[in-house]
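Have a look at the structure below before the remarks.
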Amino acid sequence: MNRTWLVLSLLPACALGCRSVEVPRERYYRLEPPAAGPADPGRGGVLRVLDLQLGTALDSDCLLVAEGVRLEPRPLDRWVAPLDRLVTDALVLGLSRSRTCALVKGGADPGPETWSLHGRIVDFAEVRTAAGGEARVALELWLEDERGQVLFHDEFVACEPLAEAGPDAAVAALSHGLQGVVGRVVQRMQADGLFAAARPAAPSSR
0 MNRTWLVLSL LPACALGCRS VEVPRERYYR LEPPAAGPAD PGRGGVLRVL DLQLGTALDS
60 DCLLVAEGVR LEPRPLDRWV APLDRLVTDA LVLGLSRSRT CALVKGGADP GPETWSLHGR
120 IVDFAEVRTA AGGEARVALE LWLEDERGQV LFHDEFVACE PLAEAGPDAA VAALSHGLQG
180 VVGRVVQRMQ ADGLFAAARP AAPSSR
């Protein structure tokens, strides 16, 4: 009888303890969109960005933390969509907002193009080193003209220090790194004279 009374007296405390346990919640992240740059009044050419390929090691919906050759997912911190789709969309938007082409299209958009940009995601993770943490973005990209001739083929890399620990800072640094890659692609096209060659001819004064 005493044992039964002891068990019954402990049940409310157990129930209260169970109710106080907070279940961890998953958090979903997107990449920060880039700001629009000033429009080039003489811009021309149509750039199509094909869907980027994603390496098997990075094929995860979780944010990844790299330490040497070891990759660890943040199990509660996830991308809101597949990473290759997010990075491709951010690349399209970033190149469009650079406002150096007449039009930037995705892979499924109709119509012809002056150039097509192809590539794969080589690295896209928070990296822990002896000196601290950083976000590393690496894209292998190649540009072809309408005849399929390769105009350049290069790896564009950006490493951004983390402002603080945690997934929010990692996503912000990854976003900024990707925007830096967009800027380098634009600079490469400018240096190769591609935008100038695609500009519409000035009207004759006669």
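The opening residue of the sequence shown carries number 0 in numbering that gives the first Met the number 0; numbering runs sequentially from there.
Quick reminder that beta carbons are idealized off the backbone N, C-alpha and C, glycines included.
In this text, all values refer to a predicted model and were calculated from it rather than measured experimentally.
query, result
"According to DSSP, Leu-140 sits in a beta bridge with which residue or residues?", "Gly-118, Asp-153"
"Taking the Cβ atom as the reference point for each residue, do Arg-84 and Cys-61 lie within a distance shorter than 8 Å?", "no"
"Rounding to the nearest angstrom, what Cα-Cα distance links Thr-209 and Val-79 in this structure?", "Residue coverage of the chain in this structure runs from 0 to 205, which leaves residue 209 outside it and unanswerable."
"Within the same chain, show all residues whose beta-carbon is closer than 8 Å to that of Arg-119, passing over the 5 residues directly before and after it, in chain order.", "Leu-51, Gln-52, Leu-53, Gly-54, Leu-138, Glu-139"
"Where DSSP assigns a beta bridge to Gly-165, which residues make up the other side?", "Its beta-bridge partners do not exist; DSSP assigns none."
"For Tyr-28, does the count of other Cβ atoms within 10 angstroms reach 16, so buried, or fall short, so exposed?", "buried"
"With a 10 Å radius around its C-beta and 16 neighbouring C-beta atoms as the bar for buried, classify Leu-75 as buried or exposed.", "exposed"
"For the structure I just gave you, are there three or more beta carbon pairs, one from the region 110-117 and one from the region 164-174, closer than 8 Å?", "no"
"For Arg-26, would you say it is in contact with chain C, using Cβ-to-Cβ distances shorter than 8 Å as the test?", "The chain labelled as chain C is not found in the depicted structure, where only one protein chain is given."
"Starting from Ala-101, trace the alpha helix (DSSP H) both ways and give me its first and last residue.", "Where Ala-101 is concerned, there is no enclosing alpha helix (DSSP H), given that its DSSP letter is neither H nor E."
"How should Gln-178 be labelled, buried or exposed, when 16 other C-beta atoms within 10 angstroms of its C-beta is the threshold for buried?", "buried"
"Among residues of its own chain, excluding the 5 on either side of Ser-59, which ones have a beta-carbon nearer than 8 Å to its beta-carbon?", "Pro-72, Leu-82"
"If Leu-150 sits next to Leu-30, beta carbons under 8 Å apart, how far is it from one beta carbon to the other, in whole angstroms?", "Not quite, the Cβ-Cβ distance comes to about 27 Å (not below 8 Å), so this is no contact."
"Rounded to whole angstroms, what's the CA-CA distance from Ala-56 to Glu-125? Just pull it up for me.", "14 Å"
"Should Pro-33 go down as buried or exposed, given a rule of 16 or more other Cβ atoms within 10 Å for buried?", "buried"
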